[in-house]
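Comments concern the structure below.
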Amino acid sequence: MSLLVTVFLLVLVTELVLYAGYAHVTALVYEWYLVATKDPKIAKHQKLKQEVLMTKAELSKTSSQDEFAKWAKIRRKLDKGLADVEALGAEIAYNKTAFELKAKSAVWCCVHGSQWLMVLWFRKSAVVYLPPHWFGPMQWILSMPFAPAGSVSVAVWFSVCRRSIKAVAGLVSDFIPATAKPHTA
Numbered sequence: 009m010s011l012l013v014t015v016f017l018l019v020l021v022t023e024l025v026l027y028a029g030y031a032h033v034t035a036l037v038y039e040w041y042l043v044a045t046k047d048p049k050i051a052k053h054q055k056l057k058q059e060v061l062m063t064k065a066e067l068s069k070t071s072s073q074d075e076f077a078k079w080a081k082i083r084r085k086l087d088k089g090l091a092d093v094e095a096l097g098a099e100i101a102y103n104k105t106a107f108e109l110k111a112k113s114a115v116w117c118c119v120h121g122s123q124w125l126m127v128l129w130f131r132k133s134a135v136v137y138l139p140p141h142w143f144g145p146m147q148w149i150l151s152m153p154f155a156p157a158g159s160v161s162v163a164v165w166f167s168v169c170r171r172s173i174k175a176v177a178g179l180v181s182d183f184i185p186a187t188a189k190p191h192t193a
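Take our numbering: the final residue in the sequence shown is number 193, and no numbers are missing along the way.
Here is the structure:
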């Protein structure tokens with residue numbers, strides 16, 4: 009694949025990630041992680057929540073005045089179950105936050121690091137050669153920083169691709185109607 013197309017596709021993918029947002033991408037990666045690893049804490053949390061709901065239903069069926077001993081026992085069981093659900097939920101939330109922080113850092117490094125690596129690796133390569141004398145002194149600027157004179161450098165091609173993709177995205181968003189928010193009275 010030519011350098012021209014490779015850079016364009018890389019910029020397209022990175023702009024899609026940036027458009028979607030790091031939070032959305034990392035949340036999606038976290039969901040895939042949960043599906044792939046089948047975390048036992050999540051299953052245990054779901055099971056505890058179901059037990060708490062069943063205990064609540066049982067407590068609502070029991071009269072606190074007629075069967076106080078049974079009601080108190082169920083109430084203690086419910087309180088313990090709620091505390092367990094809350095503790096496990098806090099642990100899961102902490103693990104999710106830690107995972108999302110690491111994933112967000114990895115996504116950031118992939119998005120920006122891949123572009124830096126491409127620019128550094130191909131800094132002396134020409135993406136495309138320009139016809140002689142068509143652009144005058146602009147040929148020197150387009151070949152900056154290290155590409156041969158009369159060519160377009162990778163760094164400039166990254167900028168051109170990024171600006172073009174953002175312009176097309178802006179044009180497309182102008183033609184797509186925004187969803188109307190309902191009026192609240």
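Where a beta carbon is used, it is the ideal one built from N, C-alpha and C, also for glycine.
In the structure shown, S161 adopts extended strand secondary structure according to DSSP, grouped into three states.
Taking 8 Å as the upper bound for CB-CB distance, S167 and L150 are not in contact here, some 10 Å apart. In summary, V180 is exposed, with fewer than 16 beta-carbon neighbours lying within 10 Å of its beta-carbon over all protein chains present.
Taking all protein chains shown into account, W165 has 16 or more neighbouring C-beta atoms within 10 Å of its C-beta and is therefore buried. Beta-bridge partners of A155 (DSSP): none assigned.
Within the same chain, Cβ atoms closer than 7 Å to the Cβ of K104 are found at Y38, the five residues on either side in sequence being excluded. Residue D92 holds the alpha-carbon nearest to the alpha-carbon of K55 among L128, D92, F16 and K132.
DSSP places V135 in the uninterrupted beta strand (DSSP E) bounded by A134 to Y137. Our two residues, K57 and S113, have alpha carbons roughly 32 Å apart in a direct line.
Listed in chain order, the non-local C-beta contacts of K85 below 8 Å within the same chain comprise T63, local neighbours out to five positions each way being set aside. Distance check between T14 and each of P185, F183, G178 and C169 places C169 closest, using alpha-carbon atoms only. DSSP places W142 in no alpha helix (DSSP H); its state is neither H nor E.
A direct Cα-to-Cα measurement between K46 and K52 gives close to 11 Å.
Contact between A111 and T34 holds, since their C-beta atoms are separated by about 4 Å, short of 8 Å.
DSSP, reduced to helix, strand and coil, places E75 outside both helices and strands of the structure shown, so it counts as coil. The closest CA to that of A177, considering only S159, A28 and L11, is found on A28.
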